[in-house]
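Asks:
Numbering (the numbering used here), first residue to last: 125 to 257.
(1) Looking only at its own chain, which residues have a Cβ that is under 6 Å from the Cβ of residue 153, when we skip the five neighbours before and after it?
(2) Check the C-beta distance from residue 168 over to residue 199 and give it rounded, since I have them as a contact under 8 Å.
(3) Does the beta-carbon of residue 211 have 16 or more other beta-carbons within 10 angstroms, so that it is buried, or is it exposed?
(4) Counting along the chain, where does the beta strand (DSSP E) carrying residue 220 start and finish?
(5) Comparing C-alpha positions only, which one of 163, 162 and 140 sits nearest to residue 172?
(6) Given this structure, state the Cα-to-Cα distance separating residue 189 from residue 145, to the nearest angstrom.
(7) Using the Cβ count rule (16 or more neighbours within 10 Å means buried), how would you classify residue 225?
(8) Can you name, in chain order, every residue of its own chain whose Cβ lies under 6 Å from the Cβ of residue 178, other than the five neighbours on each side?
(9) Using three-state DSSP, classify residue 136 as helix, strand or coil.
(10) Beta-carbon within less than 7 Å of residue 257's beta-carbon, same chain only, minus the 5 sequence neighbours each way: which residues are those?
(11) With a CB to CB cut of under 6 Å and the five nearest residues on each side skipped, what residues in its chain are close to residue 164?
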């Protein structure tokens with residue numbers, strides 16, 4: 125996996141050694157082509173961060189602050205490796221936490237852009253059963 129744009133364009137992003145599914149470059153490229161003009165100086169939240177590719181891409185495009193959230197030790201360790209590899213030390217935080225716990229305690233008005241890329245088997249919402257009506 126590589127940066128698709130910005131100052132780190134073409135450089136390789138490490139991915140965690142686990143069952144994390146990295147978002148395809150084409151998907152990230154499509155997302156960033158739609159929001160590119162909103163990224164500069166933004167405050168970004170990368171939920172279910174995995175390798176941190178969305179947040180890292182935002183930093184590469186000029187985001188001012190990025191917070192990464194993932195409950196996997198392997199993922200947060202990989203994000204730290206990526207940040208160190210590209211000498212990104214200012215205005216980043218990594219939270220090893222479940223996304224729902226993080227959301228319940230954070231100030232959601234603080235973020236300009238929020239990336240949410242959960243695993244395929246992640247159940248974010250369940251509709252009420254017809255019996256519950």
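Glycine included, C-beta positions come from ideal geometry on N, C-alpha and C. All of these numbers come straight from a predicted model, not from anything done at the bench.
Replies: Put simply:
(1) 128
(2) Not really, about 17 Å apart at Cβ, beyond 8 Å.
(3) By the neighbour-count rule (16 or more Cβ atoms within 10 Å), residue 211 is not buried but exposed.
(4) 216-220
(5) If we check each option's Cα against that of residue 172, 140 comes out closest.
(6) 25 Å
(7) Residue 225 is exposed by the Cβ-count criterion.
(8) 170 and 239
(9) Correct three-state label for residue 136: strand.
(10) Because the pLDDT of residue 257 is 49, which lies under 50, any placement of that residue in the model is unreliable, and the question is left without a value.
(11) 186
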